[in-house]
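K.L.:
Residue numbers (my numbering): -14 to 164. Note that beta-carbon positions come from the ideal geometry of N, C-alpha and C, so glycine has one too.
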Amino acid sequence: MKLEHEKMTLVKSGKILESFFTSSAFIKKFCVVLLKKDYEFKFVPFLVNLSKDGIFMDQKLNHLEIESKKYFDCTGVLQLPKILICIFDYQCPVYVLNASEDSFRITEEHTLIFRNEGDVDKYYLVGASVHLGKNDTSGHYVYYKKNSIGEWKRYSYNNEVEMEEISKIPNILIYKKEN
């Protein structure tokens, strides 16, 4: 694999420590590690502004695709995290939802595909945060989490509450990498 070769070249040249890729639990779990054009590396802990070039989504948000070369300014992605946190920016004019389909079904399968140098990594939705309120300065967040047996649970103030359908698009989607 080309990226594995680039990583080992950096390790052999002394520019990075090999233990870096295996020792940091936070980086391994949550950060995209990029190799920059000047052979520096960069951590990207969140994917933001999902209407940016290089990210494609279907209208119901059931499926997202990320093209690493278009989305990231880098020569390659050295490491993908186990968890991807996607934060939506609804202020962006490119992101337009049809008013009649302005809802999100938490019970359907939601996938995220990350394309990197010919490799494809698949992620599954495991959590979502939804803002309830009239505007961004007031309101309340509820969180949906998929448990170990595949059931969705709803939480408010860290307590499990009754599941109910909300016609709101999530502000945050959390995906877990397929094993």
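Apply the 10 Å Cβ neighbour rule to Phe41 and answer buried if 16 or more other Cβ atoms are within range, or exposed otherwise.
P.N.:
By one-based count along the sequence shown, residue 41 stands at place 56. Counting Cβ neighbours within 10 Å, Phe41 comes out exposed, since fewer than 16 surround it.
K.L.:
Please check the pair Lys162 and Tyr108, which I expect to be a contact at CB under 8 Å, by giving their CB distance rounded to whole angstroms.
P.N.:
Stepping through the sequence shown from its first residue, residue 162 is reached at position 177. Stepping through the sequence shown from its first residue, residue 108 is reached at position 123. Right, their Cβ atoms sit about 5 Å apart.
K.L.:
Smallest Cα separation from Lys54: which of Gly118, Met148, Ile68 and Lys21?
P.N.:
On the sequence shown, residue 54 is found 69 positions in, with the first residue counted as 1. Among Gly118, Met148, Ile68 and Lys21, the Cα nearest to that of Lys54 is on Lys21.
K.L.:
Beta-carbon within less than 6 Å of Ser141's beta-carbon, same chain only, minus the 5 sequence neighbours each way: which residues are those?
P.N.:
The sequence position of residue 141 within the sequence shown is 156, counting from 1. The answer, listed in chain order, is Val127.
K.L.:
By how many angstroms is the C-alpha of Glu147 removed from the C-alpha of Asp58?
P.N.:
Here residue 58 corresponds to residue number 73 of the sequence shown, with the count starting at 1. Here residue 147 corresponds to residue number 162 of the sequence shown, with the count starting at 1. Straight-line Cα distance between these residues: approximately 43 Å.
K.L.:
I need the boundaries of the beta strand (DSSP E) containing Tyr129, first residue and last residue.
P.N.:
Looking up residue 129 in the sequence shown gives position 144. Per DSSP, Tyr129 belongs to the beta strand (DSSP E) from Ser123 to Lys131.
K.L.:
Roughly how many whole angstroms lie between the Cα atoms of Glu50 and Leu19?
P.N.:
For the purposes of this step, residue 50 is taken as the residue at position 65 of the sequence shown. For the purposes of this step, residue 19 is taken as the residue at position 34 of the sequence shown. Taking the straight line from one Cα to the other gives about 18 Å.
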